[in-house]
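In full-length UniProt numbering, the protein residues as written are 1 to 241.
Yeah, the Cβ is synthetic: ideal placement off N, Cα and C, and Gly gets one too.
Worksheet: the structure to be examined is printed underneath.
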Amino acid sequence: MLQRMTPKDYSEFWERESSQFSSDNIYAHLSQIVPTEATLEVGCGAGWSTLSLATNRPVLAIDNNAYLIGLARSRLNTHGVTAQIIQSDLFEPSEDLLKAIEAFQPKVVVGWFIGSHPDDNDKRTPADLRIDEKPKVYRENVEDRLVALPLCPPSVEWVHTVQRGAAPPGVSEAQIKDELAKEYETYMFNNSGFTVTDVQVLDWNQGATPFPYVQTVRPDLPAGKPKPVIISILARRMANV
């Protein structure tokens, strides 16, 4: 079952999890997918993702977890890399964040491995959902905001979202990419002015983390053990929209 965690507990978990992503060069790979333009990062996490982005582009990052922001700022300082990080709730953006976005004029918005501690999940999802259903709905609620004001002003040309998932046995990578593109066009990018331009399915070394992830059972998929994967979805704003 899922673990209940405080914001501090969550920051310590994500430090371990994201360190593994960094060791596996996941962040380095993801940072190469998006254009090297001014980037708004929604969720700095423990700073590994911010570090990978900020090495070759301006970055404005936000997070609502003070413990994670402390880790991120320390990590950037250790590596001699700069990025602006603002503490704010993305669902209720602070005046400081709104002013920073207006001044920054991002060309790219990224939301990688969107998630939060249970209090956030409870606050931003329907009360009647089971605890194991809340993280997915929370992620989708955040993704909807990646393509809307104020996080996505007219200056934004690219949106990149990344999530953890599972590839069913017997389903080809081409099929997975096609289904994912259709899914994201249907809900996240529907009437947003953006269209999916690239889908990548990357290996995920899930066994390297002790965190007990829960996979939702789907009877419509082939039987067998699914393969842990990381899913990258890149979209571009369509011209004349």
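- Judged by DSSP in its simplified three-state form, residue 166 adopts strand.
- Taking 8 Å as the cut-off, the beta carbon of residue 208 is found no closer than this to the beta carbon of residue 104.
- With a cutoff of 8 Å on beta-carbon distance, residue 67 and residue 118 are scored as not near each other.
- Looking at the DSSP output, residue 39 sits in a beta bridge with 59 and 108.
- When the alpha-carbon of residue 156 is set against those of 124, 102 and 121, the nearest one is in 102.
- In this structure, 204 is the residue among 47, 94, 125 and 204 with its C-alpha nearest to the C-alpha of residue 228.
- Between residue 71 and residue 19, the gap from beta carbon to beta carbon reaches 8 Å or more.
- A straight-line Cα-Cα distance of about 30 Å links residue 160 and residue 224.
- Approximately 5 Å separates the beta-carbon atoms of residue 36 and residue 56; this is inside 8 Å, confirming the contact.
- Considering only 136, 9 and 5, the residue with the shortest C-alpha distance to residue 163 is 136.
- Contact fails between the segment 176 to 184 and the segment 121 to 131, because fewer than three Cβ pairs, one in each stretch, are under 8 Å apart.
- Taking residue 40 as the centre and dropping the five residues before and after it, the same chain places the C-beta of 60, 106 and 109 closer than 6 Å to its C-beta, in chain order.
- For the 8 Å CB-CB criterion, residue 62 and residue 30 do not form a contact.
- Its chain contains 27 and 48 as the residues whose beta carbon lies nearer than 7 Å to that of residue 21, once the 5 sequence neighbours on both sides are disregarded; these appear in chain order.
- For residue 54, the enclosing alpha helix (DSSP H) covers residues 48 to 54.
- Residues 45, 46 and 68 of the same chain have their beta carbon placed closer than 7 Å to that of residue 14, with the five preceding and five following residues left out of the count.
- In the DSSP assignment, residue 30 falls within the unbroken alpha helix (DSSP H) covering 26 to 33.
- About 11 Å separates the beta carbon of residue 139 from that of residue 165, a gap too long to meet the 8 Å contact definition.
- Inter-residue distance for residue 50 and residue 235 is about 20 Å (C-alpha atoms, whole angstroms).
- Between residue 199 and residue 230, the C-beta spacing is not below 8 Å.
- When the alpha-carbon of residue 90 is set against those of 173, 148 and 25, the nearest one is in 148.
- With respect to the C-alpha of residue 174, the residue from 185, 187, 88 and 201 having the closest C-alpha is 201.
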